[in-house]
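Those protein sequences? They're chains A and B, same order as listed. Going by our numbering, the first residue of the first sequence is number 1, and it counts up by one from there. Going by our numbering, the first residue of the second sequence is number 1001, and it counts up by one from there. Take a look at the structure below.
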Amino acid sequence: MTQRTVELSILRYRPEEDDKPWFQTYQVPCDEDWVVLDAINYVKDHLDGSLSYRWSCHMAVCGSCSMMINGDPALSCKTFIRDLPEGQVRIEPLANFPIERDLVVVMDDFMEKLQRVKPYLIRSTEKPLEEGQHLQSPAELKKFKQYTLCINCACCYSACPQYALIPEFIGPAALTLAHRYNQDSRDQGRDEREDVVASNEGIWDCSFAGACSDVCPKHVDPASAVQQMKIASTVDWFMRRLGLGGGKS
Amino acid sequence: MSRKPYVREISHTTWYLARRRDLLHMAQEVTFLFIGIYTIMLLWGVKALSEGPGAYQVFLDALGSPLVIAFNWITFVIMLYHSISWFSVTPKAMPVQIGEEFLPGGIIAAGHYIAWVVVSAVIYYLAGGFNG
């Protein structure tokens, strides 16, 4: 197998020693089939055991190893070294999040926003157990299935210019999750989510830059979910003005 | 051990210069300036029309100045950029599901182009454009 030496430039931040982050470079002999995470693991195992970062599955499922690679948010386990331009590879913690240590970021804000949109099935009318399960047709499933594929890697928050400028913005992944449940035929919780979803900090803070969808490693397309909610919310507003219902007032 | 998370500040005035994607987004956002000025100019024309032939002639003379013609051409190109980039993303906002499948995005975008042409033709007709 062919090998090439790649220079990794990794942003370091050790809170007990450093006042601000700084770049440290490592020369890593990379195999042709290595992803960026393999190279970082090599650094950890052979060159510098003090480097901190998150990872788990190494197969683009857990969403832990997201980081900035040459300035763009991506899963390090899904980014092949051979696909990157020749020369130094710049690795930084996810943008728009505080750095806890090295490549580890503080994700509390993201977690709190996920909770705020009530990402679970809400029923206003409970069906008695003896009536059986809630059936769903393949067409009803298809309506939202794409939005179930999110792995909470937060690449979309890192790419979103609005989240960078307005930290209060609920953000792409959380709003997409709200849409996923709103679109689910078994759910009756749309009105409960509207207070957060249709607020200024919700869908109306989105400027449709589309960066979230560009970087999403699972092709969830958060931008589409948010725009669809904007239309639904606008229709609601007009329907209410016309006295024809249209969700929560 | 106490925590000391580091917050990376971003510039609120130059953030979009770092990535091409952000720069293109901002380019689309600033098109509103030209379209806004064009709209104000159009409203001025309507107002002039309501004030009589004299005022309207002043408006028409102003439209004929090279500066305004240049501005209108620039606005036309910018409006095309805005419209095309907008129509290209309409399938995201308005997916059409038929049975289990979604209509291809190209059809939804094409529908918007057709509507654009039809609406433009209707307005042109109402303005007497087809009367020679």
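Beta carbons are placed, not taken as given, at the ideal position from N, Cα and C, and that holds for glycine.
When Cβ atoms are compared, which residues of the stretch 25 to 44 of chain A fall closer than 8 Å to chain B? Cβ proximity to chain B below 8 Å picks out nothing from the stretch 25 to 44 of chain A.
Using the beta-carbon of each residue, which ones in chain A are nearer than 9 Å to Q1097 of chain B? A139, K142, K143
Quick one: does S66 of chain A have its CB under 7 Å from some CB of chain B? no
Does the beta-carbon distance from K143 of chain A to Q183 of chain A come in below 7 Å? Remark: C-beta atoms of K143 of chain A and Q183 of chain A approach each other more closely than 7 Å.
Starting from the Cα of S124 of chain A, find the closest Cα among A:P222, A:S185, A:R14 and give me that residue. That would be A:S185, whose Cα lies nearest to the Cα of S124 of chain A.
Under the rule that 16 or more other beta-carbon atoms within 10 Å means buried, what is R101 of chain A, buried or exposed? With 16 or more other Cβ atoms within 10 Å, it is buried.
I'd like to know if H1025 of chain B contacts chain A, where contact means its C-beta is closer than 7 Å to some C-beta of that chain. yes
Would S224 of chain A and A198 of chain A qualify as a contact pair, given that the criterion is a beta-carbon distance under 7 Å? no
With DSSP as the reference, label R14 of chain A as helix, strand or coil. Coil.
If you check the beta carbons only, do L8 of chain A and I91 of chain A fall under 7 Å apart? yes
Run of the alpha helix (DSSP H) containing V1122 of chain B, from where it starts to where it stops: Its alpha helix (DSSP H) spans residues 1105 to 1126.
D1022 of chain B to C160 of chain A span [Cα, whole Å]: 9 Å
Where does L250 of chain A fall in DSSP's three states? Lying outside 1 to 249, the shown extent of chain A, residue 250 of chain A is not represented and no answer is given.
Ignoring anything shorter than 4 residues, give me the alpha helix (DSSP H) runs that lie fully in the stretch 100 to 131 of chain A, in order along the chain. 108 to 116
For Y120 of chain A, which of A:D108, A:T148, A:I99, A:A95 has the nearest alpha-carbon? Checking every option, the nearest Cα to that of Y120 of chain A belongs to A:T148.
Option in B:V1122, B:I1123, B:S1088 with minimal Cα separation from I1107 of chain B: B:S1088
For G210 of chain A, tell me which candidate among A:G132, A:D18, A:C155, A:V61 has the shortest Cα-Cα distance. Checking every option, the nearest Cα to that of G210 of chain A belongs to A:C155.
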